[in-house]
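Residue numbers (this note's numbering): 37 to 208.
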């Protein structure tokens, strides 16, 4: 079977584990990251790496939500998504994510308004917010997101490695 390190994305071939096996704690030979591997269920499901932090991706563009999920997949995160601020708020209440990746230009509500709303509500004080915008024009746009309560800002023209590094840092 092929496994992938959640830290550095290196792939390795290991022997299959029999169903019912308690699993294993593995160390990546490349980056020395420790991670857990769960054995397949008796139904023959493939093994999975133990899930990590919960991340909610909010963007009105389906393509961009899917692209972000694909880029973050190597980090072994629990990813969910929403297309509007209203849908995001429902998911925030029901799923309690650790990180919110939030587009500032949503069809039903400005992302800055949503950040301000979340920061004014005690239920969401521990959620880390990474604001994103493809309409980034100047450093003031990033500062406006930070002033509203975002923990960080990233332009949508990021490099994939930069996004993964930023997410890792925010979840550390």
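Idealized CB from N, CA, C, for every residue including glycine. Quantities reported herein were computed from a predicted structural model and do not represent experimental measurements.
Legend entry - Spatial distance of residue 83 from residue 40 (CA atoms): Working through the chain shown from its first residue, we reach residue 83 at position 47. Working through the chain shown from its first residue, we reach residue 40 at position 4. Only weak support exists for where residue 83 lies, its pLDDT of 39 falling under 50; the value from the coordinates is given anyway. Put simply, the backbone Cα of residue 83 is about 11 Å away from that of residue 40.
Inset, instruction - Count the CB pairs spanning the segment 110 to 122 and the segment 154 to 168 that are closer than 8 Å, and state whether there are at least three. - result: In short, these stretches do not touch, since the Cβ pair count stays below three.
Inset, instruction - Return the CA-CA distance between residue 191 and residue 170, expressed in angstroms with no decimal places. - result: Taking the chain shown and counting its residues from 1, the one referred to as residue 191 is at position 155. Taking the chain shown and counting its residues from 1, the one referred to as residue 170 is at position 134. Answer to the nearest angstrom: the Cα atoms are 6 Å apart.
Inset, instruction - Return the CA-CA distance between residue 195 and residue 157, expressed in angstroms with no decimal places. - result: Counting from 1 along the chain shown, the entry for residue 195 is found at position 159. Counting from 1 along the chain shown, the entry for residue 157 is found at position 121. So the two alpha carbons sit approximately 33 Å from each other.
Legend entry - Anticipated Cβ contact below 8 Å, residue 202 with residue 188, distance rounded: Position 166 of the chain shown holds residue 202. Position 152 of the chain shown holds residue 188. That belief holds up - the Cβ atoms of residue 202 and residue 188 are roughly 6 Å apart, short of 8 Å.
Legend entry - Exposed unless 16 or more other CB atoms sit within 10 angstroms - verdict on residue 97: Taking the chain shown and counting its residues from 1, the one referred to as residue 97 is at position 61. Label assigned to residue 97: exposed.
Inset, instruction - Could you pull out every unbroken alpha helix (DSSP H) segment of at least 4 residues lying fully inside the segment 90 to 153, listed in chain order? - result: Segments of the alpha helix (DSSP H) lying fully in the segment 90 to 153: 98 to 108 and 121 to 131.
Inset, instruction - Output the boundary residues of the alpha helix (DSSP H) element that contains residue 201. - result: Working through the chain shown from its first residue, we reach residue 201 at position 165. Residues 196 to 207.
Legend entry - Among 99, 185, 66 and 100, nearest to residue 153 - alpha-carbon criterion: Residue mapping note: residue 153 aligns to position 117 of the chain shown, counting from 1. Looking only at 99, 185, 66 and 100, the smallest Cα-Cα distance to residue 153 is reached by 185.
Legend entry - Under the three-state DSSP convention, the category residue 186 falls into: Locating residue 186 in the chain shown gives position 150, counting from the first residue. Here residue 186 sits in coil by DSSP.
Inset, instruction - Report back the beta-carbon spacing between residue 131 and residue 92 to the nearest angstrom; my notes put them in contact at under 8 Å. - result: Position 95 of the chain shown, counted from the start, is the residue given in the question as residue 131. Position 56 of the chain shown, counted from the start, is the residue given in the question as residue 92. Contact between residue 131 and residue 92 holds: their C-beta atoms lie close to 7 Å from each other, under 8 Å.
Inset, instruction - Kindly indicate which residue of 136, 142 and 148 has the alpha-carbon position closest to the one of residue 179. - result: Locating residue 179 in the chain shown gives position 143, where the first residue counts as 1. Distances from the CA of residue 179 to each of 136, 142 and 148 were compared; the closest alpha carbon is that of 148.
Legend entry - residue 141 versus residue 108: straight-line alpha-carbon distance, rounded: If you number the chain shown from 1, residue 141 lands on position 105. If you number the chain shown from 1, residue 108 lands on position 72. Rounded to whole angstroms, residue 141 to residue 108 spans 21 Å at the Cα level.
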